[in-house]
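In this note's numbering, each number is its position in the sequence shown, counted from 1, plus 182.
Report on one structure; see the data block that follows.
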Amino acid sequence: MTGEELILIAEEARKNACAPYSGFAVGAALLSADNKVYTGCNIENSSFGATCCAERVALFSAVAAGEKTFSALAIAGGKSGEGVNAFCPPCGICRQALSEFCSPEFPVYLTDGGQIKVTTLGTLLPEAFTKENIPKKGERHETV
Ligand code: THU
């Protein structure tokens with residue numbers, strides 16, 4: 183699966199975005215290590231904080247299906263009802279969520295509707311907080 187193919191799938195997933203509040207529709211396509219593609223779109227809520235981004239919808243649906251290893255992510259975003267015309271980088275929460283499962287070398291494909299840009303999770307989220315930063319049991323300052 184190429185980056186271009188993954189972008190096309192993200193653009194297709196974007197059609198299902200539920201974005202009545204922002205008017206900004208996003209689609210994501212996440213490729214698992216065993217070559218399955220999991221898609222997501224942003225799903226907004228009248229209680230705005232309950233909104234979920236396209237990337238986390240894709241990631242969580244993949245993890246819920248038993249996937250734990252991923253090889254690439256594509257993201258396509260832009261004004262609802264229009265084509266994609268600017269790159270849509272993932273938000274900070276999605277970068278952190280991805281870092282739980284994906285390495286710093288993990289490729290992230292972005293599109294502006296014409297060009298494709300490839301970056302990595304490590305570039306998007308340098309010096310990530312990970313499980314290595316959490317003291318192991320026994321090293322913790324136990325309060326109870
Ligand atoms: N959004 C995503 O789904 N992914 C991104 O990478 C950036 C932002 C969504 C959240 C919200 O529904 C809308 O775009 C505007 O922030």
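A virtual CB, placed ideally from N, CA and C, is assigned to each residue, including glycine.
Keep in mind it's a predicted model, so treat the numbers as computed, not measured.
Nearest to Ile257 by CA position, among Cys200, Asp294, Glu314, Ser229, is which residue? For Ile257, the closest of Cys200, Asp294, Glu314, Ser229 by C-alpha to C-alpha distance is Asp294.
Starting from Thr293, trace the beta strand (DSSP E) in both directions and tell me its first and last residue. 289-293
For Thr301, the first and last residue of its enclosing beta strand (DSSP E): Unbroken beta strand (DSSP E) run through Thr301: 298-302.
Could you check if Phe242 belongs to the surroundings of the ligand THU, using beta carbon to heavy atom distance under 7 angstroms? no
Backbone CA spacing between Asn217 and Phe288 [nearest angstrom]: 15 angstroms
C-alpha distance - Phe269 paired with Leu255, whole-angstrom precision: 14 angstroms
According to the neighbour-count rule (16 or more other Cβ atoms, all chains shown, within 10 Å of its Cβ), is Cys235 buried or exposed? buried
Straight-line gap, Glu314 to Pro271 (C-alpha atoms, nearest Å): 26 angstroms
Would you mind working out which of Gly259, Gly274, Phe311 sits nearest Leu292, comparing C-alpha positions? Gly259
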